[in-house]
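Going by the numbering used here, the first residue of the sequence shown is number 6, and it counts up by one from there. For each residue, glycine too, the CB sits at the ideal point set by N, CA and C. Note that the coordinates shown come from a computational prediction; the quantities given were computed from them, not determined experimentally. Down below is the structure, laid out as structure tokens.
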Amino acid sequence: MKARDRHYLFVCSQNKLRSPTAEQIFADHPGIETLSAGTNHDAETPLDDEVLRWADTIFVMEKTHRSKILQFFRAA
């Protein structure tokens, strides 16, 4: 029986450079699935509760991103 893939989420502000790059770098690694999102409202893919619940591990690019997640998404 195959174990479920780990879900890795990469977060930056705009989701234009850093987090999408990290998503692509790790996308082909066996045993993981990747997504990326941004903390700003005008991000290419804005962060939301659904993607936070999907993630097993969340990688942030800056401490401010972690703070925003904790502040605005406490329930997730």
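Candidates the options: which alpha carbon is nearest residue i's?
i          : options           : result
residue 55 : 79, 47 and 25     : 79
residue 42 : 11, 59, 36 and 35 : 59
residue 67 : 40, 31, 23 and 47 : 23
From residue i to residue j, what distance separates their C-alpha atoms?
i          : j          : result
residue 62 : residue 16 : 11 Å
residue 6  : residue 35 : With a pLDDT of only 46 at residue 6, under the threshold of 50, the placement of this residue in the model should not be trusted; the figure read from the coordinates follows. Each residue's Cα considered, the two are about 16 Å apart.
So, are the CB atoms of residue i and residue j less than 8 Å apart?
i          : j          : result
residue 10 : residue 38 : yes
residue 73 : residue 26 : no
Give the range of the beta strand (DSSP E) segment to which residue i is assigned.
i          : result
residue 14 : 11-17
From what residue to what residue does the alpha helix (DSSP H) around residue i run?
i          : result
residue 57 : 54-59
residue 27 : 23-31
residue 69 : 68-77
Using the Cβ count rule (16 or more neighbours within 10 Å means buried), how would you classify residue i?
i          : result
residue 64 : buried
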